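Below is one structure, written out as structure tokens, with a few remarks after it.
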């Protein structure tokens, strides 16, 4: 499974982070990519939580990971 859907809440950020990092390890991607991917993921998800679903508005977020080449990691976020 390369896709994870969770509630649009700050508590979901850590499970999403673990999910993405697990995929990166499975695919043996460069460890130098990790901090950049973590930063992008956190910023995108936090923006969704704060601006698309403020307060207890509810909603869900979905993250999908794909390997599109030897050094090409694709991260898709939907809400």
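Residue numbers (my numbering): -4 to 74.
Glycine included, each C-beta is placed from N, C-alpha and C at the ideal position.
Every value quoted in this text rests on a predicted model; they were computed, and no experiment measured them.
Item: So residue 39 and residue 72 are supposed to be a Cβ contact under 8 angstroms. How far apart are they, rounded?; Value: 5 angstroms
Item: Buried or exposed: which applies to residue 36, given that a residue is buried once 16 or more other Cβ atoms fall within 10 Å of its Cβ?; Value: buried
Item: Would you call residue 56 buried or exposed, if buried means 16 or more other Cβ atoms sit within 10 Å of its Cβ?; Value: buried
Item: Tell me which same chain residues have a C-beta within less than 8 angstroms of the C-beta of residue 63, skipping the five on either side of it?; Value: 69
Item: Roughly how many angstroms separate the alpha carbons of residue 58 and residue 7, rounded to a whole number?; Value: 11 angstroms
Item: With a threshold of 8 angstroms (Cβ to nearest heavy atom), would residue 16 be considered close to the ligand NAP?; Value: With respect to the ligand NAP, the structure shown offers nothing to examine, as it has no ligands at all.
Item: By Cβ distance below 8 angstroms, which residues in the same chain neighbour residue 10 in space, the five residues on each side in sequence not counted?; Value: -1 and 1
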